[in-house]
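Novice:
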Amino acid sequence: MNDPLPHSAELQRAWIERQPVVGRDGDTFGYELRQHYAGAAAPVDPLAGSAAVLAHLLGDLDDDWLPEGKRVFIQADLSLLGDADFLELLPDGRVVLDLSGDVAAVDEALLLACDALRRRRIGLCLDDWALVEGSPELLIRAEFVKLDLSVLDALTFYQCYARLKGLPLRCIARGMMESKHYRFCRDAGIELFQGYFFTRPEIVQAREPEPGLAQLVQIFDLVGAQATPREIEDAFKRSPTLMLKLLGYINSAGMGMVRKVTSVAHAVQILGYKQLYRWIALLLYTAGQGETSAALMKTVLTRSRLLELLGRDIVPRHELDNLFVIGMVSLLDVVFGRPLIEVLARLPLPEPVIRAVLEQEGVPGMLLMLVEALEAGESDRVDSLAQALGLDVAKINQTQWDAMRWAERMGAAT
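In the numbering used here, the protein residues as written are 39 to 452.
The following block contains the structure:
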């Protein structure tokens with residue numbers, strides 16, 4: 039077998055895409071990390087190269103590399119289970135290997151390797167139905183099985199799931215592209231879901247905002263106009279739930295506040311209007327009761343933080359708050375069910391923010407396009423935008439991880 043371990047040059051040209059694995063409550067259970075290469079940069083064996091790059095990344099992280107309880111899935115060919123160097127790279131606990139490959143490769147040595155991984159609390163997920171049917175010995179060692187709705191028709195999908203019911207494992211429905219896919223799998227009894235629907239839900243028909251959303255827009259206007267702390271607090275008092283959510287975010291570990299903020303008026307004094315503005319923007323994503331609101335909130339938190347972190351070295355300091363707000367408002371069309379141009383016209387936003395979101399103007403607009411391309415796994419687009427912005431692969435990959443961890447800590451405050 040060819041050595042799958044990547045050379046430094048390979049590590050420097052591989053982009054990471056993250057895709058959430060979501061529970062029935064809409065919150066993230068974990069993330070699948072995928073490797074993408076621009077143009078002709080892919081290695082001869084992309085699956086082995088991808089797994090090795092991701093193992094390198096995970097092995098280099100500190101002990102606090104992922105919030106408690108979250109899992110990370112990486113794709114791996116069965117053949118890699120016989121590679122001691124690859125297995126040594128994997129950190130113990132919370133990693134799950136998405137296994138695919140030829141069922142003929144399943145032998146006593148491979149099963150012993152699976153047992154050793156389980157003792158290290160490294161999970162196994164069968165990502166190929168042929169492995170489920172062809173190797174009962176592998177199936178009893180699996181913690182997860184993935185069923186892909188983009189490959190299987192509805193009847194076959196349900197029949198496969200029915201065969202797995204009663205086994206001590208969890209099914210993950212992947213290929214969730216639309217709400218109807220999610221609802222079908224949820225109604226069938228599936229507990230875990232994966233797909234682009236959770237990072238970019240479809241925009242449903244235009245609707246009037248719920249009362250909580252309408253009230254938040256009014257508060258947003260007050261903060262944008264720099265109303266007095268008393269006026270802002272009085273507006274929040276009409277919705278105690280929103281006020282408690284806001285104070286929860288501000289006092290969460292992700293903010294690192296030295297002193298506890300006890301009121302909205304206190305928050306204005308401690309944070310100032312710009313910082314308060316960004317957290318009220320976050321509340322717009324939590325005021326509704328959508329079936330994917332928790333996952334969408336994690337996406338927008340990660341996007342906003344990633345924009346802010348990537349921009350630190352390439353935009354003036356006074357524009358960093360704008361970058362965070364750009365991320366925050368860039369998905370509001372999903373919340374309101376209306377085109378972004380209509381939604382943004384109703385909010386008191388700085389003109390550079392509006393132009394960056396709607397017209398991709400300037401460096402902020404290019405950064406937003408880069409982050410959107412990362413979310414979609416568009417490696418060639420990522421490569422060209424990163425070069426234009428002067429950002430290297432290693433920095434972007436590490437910054438993505440930092441933003442994701444931060445978003446998980448902030449999301450825990452909800």
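Every residue, glycine too, gets a C-beta built ideally from N, C-alpha and C.
Please read these numbers as outputs of a predicted model, since none were measured by experiment.
Using the three-state DSSP reduction, which class does G107 fall into: helix, strand or coil?
Specialist: The answer is coil: DSSP assigns G107 none of H, G, I, E or B.
Novice: Might you give, ordered along the chain, the residues of its own chain that have their beta carbon closer than 7 Å to the beta carbon of D259, omitting 5 neighbours on each side?
Specialist: Excluding residues within five positions, the ones whose Cβ falls inside 7 Å are P386.
Novice: What three-state label does DSSP hand I112 in the structure shown?
Specialist: Looking at I112 - three-state DSSP - the assignment turns out to be strand.
Novice: Can you give the Cα-Cα distance for Y265 and M215, rounded to whole angstroms?
Specialist: Residue identity check: residue 265 is Ala in the sequence provided, not Tyr. Looking at the two C-alpha atoms, the distance is approximately 42 Å.
Novice: Return the first residue and the last residue of the alpha helix (DSSP H) that V306 is part of.
Specialist: Taken as a continuous stretch (DSSP letters only), the alpha helix (DSSP H) holding V306 covers V302 to T324.
Novice: So the candidates are Y69, K433 and D153; which of them puts its Cα closest to the Cα of T237?
Specialist: It is Y69.
Novice: Take G172 and list the residues in its own chain whose beta-carbon comes closer than 7 Å to its own, dropping the five residues that flank it on each side.
Specialist: Within the same chain, G172 has close Cβ partners V141.
Novice: Report the rounded CA-to-CA distance for P390 versus M366, giving the unit in angstroms.
Specialist: For P390 and M366, the distance between alpha carbons rounds to 14 Å.
Novice: Tell me which residues share the same chain as A441 and place their Cβ nearer than 7 Å to its Cβ, disregarding the 5 neighbours each side in the sequence.
Specialist: So the list reads T340, R343, L344 and L347, once near-sequence residues are dropped.
Novice: Hey, could you find the ends of the beta strand (DSSP E) E357 is sitting in?
Specialist: Taken as a continuous stretch (DSSP letters only), E357 belongs to no beta strand (DSSP E), as it is neither H nor E.
Novice: Could you check where the alpha helix (DSSP H) with K203 kicks off and where it finishes?
Specialist: No alpha helix (DSSP H) holds K203; DSSP gives it neither H nor E.
Novice: For C152, which residues in the same chain have their Cβ closer than 8 Å to its Cβ, ignoring the five residues on either side in sequence?
Specialist: Excluding positions up to five away in sequence, the list reads L119, L162, L176 and R179.
Novice: Specify the secondary structure class of H45 as computed by DSSP and reduced to three states.
Specialist: Bear in mind that the predicted position of H45 carries a pLDDT of just 44, short of 50, making it unreliable; the figure below should be weighed with that in mind. In this structure, H45 counts as coil in the three-state DSSP scheme.
Novice: Kindly list the residues whose CB is nearer than 7 Å to the CB of L322, restricted to its own chain and excluding five residues on each side of it in sequence; keep chain order.
Specialist: Cβ neighbours of L322 beyond the five flanking positions: L251, L254, L370 and V373.
Novice: Between which residues of its own chain and A47 is the CB-CB distance below 6 Å, once the five residues before and five after are set aside?
Specialist: Note on A47: pLDDT 49, under 50, position unreliable in the model; the coordinate value appears next. Once the five neighbours on either side are set aside, A47 has no close Cβ partner at all.
Novice: Are the Cβ atoms of I434 and L412 separated by less than 9 Å?
Specialist: A contact, by the Cβ cut-off of 9 Å.
Novice: Anyone know if the C-beta pair for F447 and S290 falls short of 9 Å?
Specialist: Reading the sequence as shown, one finds Arg at residue 447 and not Phe. Cβ atoms of R447 and S290: closer than 9 Å.
Novice: If I'm right that Y287 touches L320 with Cβ under 8 Å, what's the distance once you round it to whole angstroms?
Specialist: About 7 Å separates the two Cβ atoms, so the contact holds.
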